[in-house]
Amino acid sequence: MKIKKIRIKNMYGITEYEGDGKSIELDGTNGAGKSSVIDAIRYALTNKSDRKYIVRNGETEGEILIETDNGLRINRKARTNQVDYKSVKKDGREVGSPESFLKDIFSPLQLSPVEFMEKSEKEQNAIILDMIQYDWNLQTIREWFGEIPDWVSYDQNILQVLNDIQSEKGAYFQNRQDVNRDIRNKRSFIEDIADSIPAGYEAEKWENMNLSELYMKIEKIRKENEEIQKAKQVIESRDNKVRKYEADREIALAALDRELSAEKERLVKDNEQLQAQLKANQEKLNGMAERKQDKTAVINKTYESEVAKYNAMVDEYKEISDKEIQDYSKLQEEAEHAEEMKSHLKEYERMISLQTDVENLRQESEDLTNKIEKARTLPGEILETAVIPIAGLTVKNGIPLINGLPISNLSDGEKLDLCIDVAIQKPNGLQIILIDGVEKLSTKMRNELYQKCKDRGLQFIATRTTDDEDLTVIEL
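9 is the number of the first residue of the sequence shown in this note's numbering; add one for each residue after it.
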C-alpha cells in the first residue's frame with residue numbers, strides 16, 4: 009500500500025502543500041517547513057504531535073488528507089474553536105475503530121527509522137526481537153514450565169522472556185544453586201554419620217531389641233549370685249563366728265570376775281573400816297554366789313541364742329551355698345553391645361532422613377535443570393517455526409545476531425539495511441518511510457539509505473537542512 013496523494017493546509021508552518029506518491033527530499037533552512045510536512049503525516053497516522061500548536065498561527069483549522077493506492081482515505085482537521093475532525097475511509101466506507109486500524113498499517117520506526125541507530129543496544133535488541141512473529145500467551149508459558157515464573161516481565165518478546173527464565177539471575181538458576189549446595193552439605197553430613205555407625209548396621213534389629221528383658225535376666229542372675237556368695241561366706245565363717253561368741257563369753261566372765269573381785273576387796277576394806285556395816289556386807293557376800301550364778305546363766309543364754317540363730321541362718325543358706333556362681337559376662341557384653349547399637353539409632357534415622365532429603369533435592373535440582381534447559385532450547389524451536397522478518401537473524405542467549413554478529417559489530421552499511429528492515433515490520437502495510445534530518449548522515453550513507461529504500465520499492469520523504477531560504481522539493 010502506497011500513498012498517492014498528500015494535501016496539507018494551515019498546519020504547523022505550512023500554508024499549503026500537495027504531494028503524490030513519489031519519493032522526495034525536502035531541503036531548506038530551519039523554519040522553511042520541511043519538518044512540518046513530516047509532522048503532519050505523523051499526525052495523520054497517529055493523531056499525536058510533539059508540537060504544542062498544530063494549527064498554523066492565525067488560522068482556526070488545519071487539515072491533512074492522505075489517499076493511498078488501495079482506496080484508503082485519511083482526513084484529519086485540527087481546530088482551535090471546536091472539536092477536531094477525523095475521517096478514515098476504506099473504499100468510501102468509514103472504518104470502525106480508526107485509530108486501531110491506522111496503528112496496524114505502519115510501525116513506529118517507519119516515521120523515524122534513523123532513530124533506531126541512535127537507540128541503545130538493549131533497546132535495539134528488544135525492537136528486533138519484537139519483530140519475530142510467534143503466537144504465545146501465558147498459558148503457553150504454563151504448559152512449558154508448569155507455572156508462570158514470577159521474576160520475569162511478560163511485556164517483552166518471547167525470546168527475551170525465555171532468556172530471563174534461564175538467566176543466571178533468574179529464580180530457577182539461583183534456586184538450583186541453593187538446592188545443589190544443600191545436597192552437598194547433606195551428603196557431607198551423611199558421610200560423617202555413616203563413618204560413626206558400624207558397618208552392616210541393622211537398624212530394625214536394634215530398634216526392636218528389648219533391653220529390659222536382657223537386663224532383667226542379668227539382674228536375676230546377679231542377685232542369685234549375691235545370695236550364693238553370701239551363703240558361702242556364712243558357711244565358711246561359722247567357726248569364726250562361734251569362736252567370736254566364745255570369746256565374748258570369756259570376756260564377759262572375766263569381766264564379771266574382775267568386777268566381783270574388785271567389789272569384794274572394797275567390801276572387805278569397808279568391813280575393816282565400817283564395823284557397823286558388817287552385817288549388811290556379810291549378807292551381800294552371802295548372796296554374791298547366787299548373783300554370779302544368775303548373771304552367768306544370762307551370759308550363757310545369750311551365747312546359746314546367738315549360736316542357735318547363726319546355725320539357723322547357716323542351715324538356711326546351706327542349700328544355696330552348694331550352687332555354682334553363674335557367669336553372666338556374655339549377657340553383660342551382649343547388653344552393652346545392644347546399648348551401643350541402640351545409641352546409633354537416632355543418627356541412623358537422621359542419615360536415612362538426610363538421604364531422603366538429598367533424593368528429593370536431587371529431583372528438584374533435576375526439575376530446575378530441565379526448566380533451564382527447556383528455556384535454552386525453546387528459542388531454537390521457536391525460530392524454526394516463527395516468521396523471521398530479517399534475513400540472517402538468529403538469537404543466542406536472548407541476544408539477536410545478524411549473520412552471527414551483534415548489532416554493535418555491524419558496519420554502517422549493514423546498520424542502514426537493518427534500519428530499513430526494522431522500519432518495515434508490516435510488509436502488507438503502508439510502504440512509506442519518513443526520514444527527518446538526513447543532514448546528520450554522511451553523503452555516502454544518505455545516498456545508500458535512499459537507494460536501499462528504492463531497491464525495496466518503498467516511498468520515502470526525507471528532510472535535509474540546507475542554507476536555502478525556501479522549501480525545495482527534490483524528487484528522487
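Glycine included, each C-beta is placed from N, C-alpha and C at the ideal position. Note that this is a predicted model, so its numbers are computed, not measured.
Proximity test, Cβ basis, 7 Å: residue i and chain C
| i | result |
| --- | --- |
| Lys277 | Included in the structure is just one protein chain, with no chain C present. |
Where the alpha helix (DSSP H) containing residue i begins and where it ends
| i | result |
| --- | --- |
| Asn133 | Glu129 to Met139 |
| Tyr223 | Leu219 to Glu244 |
| Val63 | Note, Val63: premise wrong, no alpha helix (DSSP H); not H, not E. |
| Asp158 | No alpha helix (DSSP H) contains Asp158, which DSSP labels as neither H nor E. |
| Arg195 | Ala179 to Ser204 |
| Asp47 | Lys42 to Thr54 |
| Asn216 | Ala211 to Asn216 |
Whole-Å CB distance - residue i paired with residue j, under 8 Å assumed
| i | j | result |
| --- | --- | --- |
| Ala431 | Gln118 | 5 Å |
| Gly70 | Ile62 | 6 Å |
| Tyr93 | Arg84 | 7 Å |
| Met359 | Ala202 | 6 Å |
| Gln182 | Ala134 | The Cβ separation is near 24 Å, so there is no contact. |
| Thr88 | Asp475 | Not a contact, Cβ separation roughly 34 Å. |
| Met9 | Gln439 | 6 Å |
| Ala383 | Ile136 | In fact, because the Cβ distance is near 19 Å, the residues do not count as touching under 8 Å. |
| Gly27 | Ser44 | That pair is no contact at about 12 Å. |
| Trp144 | Ile113 | At roughly 24 Å, the Cβ-Cβ gap does not stay under 8 Å, so Trp144 and Ile113 are not in contact. |
Environment of residue i [buried if 16+ CB atoms lie within 10 Å]
| i | result |
| --- | --- |
| Tyr51 | buried |
| Thr364 | exposed |
| Gly154 | exposed |
| Val91 | exposed |
| Gln168 | buried |
| Asn171 | buried |
| Ser115 | buried |
| Thr393 | exposed |
| Val446 | buried |
| Gly79 | exposed |
| Trp214 | buried |
| Val306 | exposed |
| Val276 | exposed |
| Gly406 | buried |
| Ala297 | exposed |
| Asp463 | exposed |
| Glu24 | exposed |
| Glu33 | buried |
| Lys309 | exposed |
| Arg251 | exposed |
| Asn411 | exposed |
Bounding residues of the beta strand (DSSP E) (the contiguous stretch that carries residue i)
| i | result |
| --- | --- |
| Gln467 | Gln467 to Thr473 |
| Pro387 | Not the beta strand (DSSP E): Pro387 falls in the alpha helix (DSSP H), residues Leu353 to Thr393. |
| Tyr25 | Ile22 to Asp28 |
| Lys404 | Leu401 to Lys404 |
| Ile407 | Ile407 to Ile410 |
| Asp35 | Ile32 to Gly36 |
Secondary structure of residue i, DSSP reduced to three states
| i | result |
| --- | --- |
| Lys10 | coil |
| Thr68 | coil |
| Val481 | strand |
| Asn18 | strand |
| Asn319 | helix |
| Asn165 | coil |
| Glu123 | helix |
| Arg464 | coil |
| Ile259 | helix |
| Glu176 | coil |
| Asn145 | coil |
| Ile398 | coil |
| Asn78 | coil |
beta-carbon residue i near the ligand GTP non-hydrogen atom, thresh 6 Å
| i | result |
| --- | --- |
| Gln118 | What this structure holds is no ligand at all, so the ligand GTP is not there to describe. |
Subject >> Whole runs of the beta strand (DSSP E) within the segment 85 to 115, excluding any shorter than 3 residues >> reply: 93 to 98
**OP:** Report the residue ranges of all beta strand (DSSP E) runs contained in full by the segment 418 to 462; include only those spanning at least 3 residues, in chain order.
**Re:** 440 to 444
**OP:** Within the segment 322 to 352, note down every full alpha helix (DSSP H) run reaching 4 residues or more, in order along the chain.
**Re:** 337 to 351
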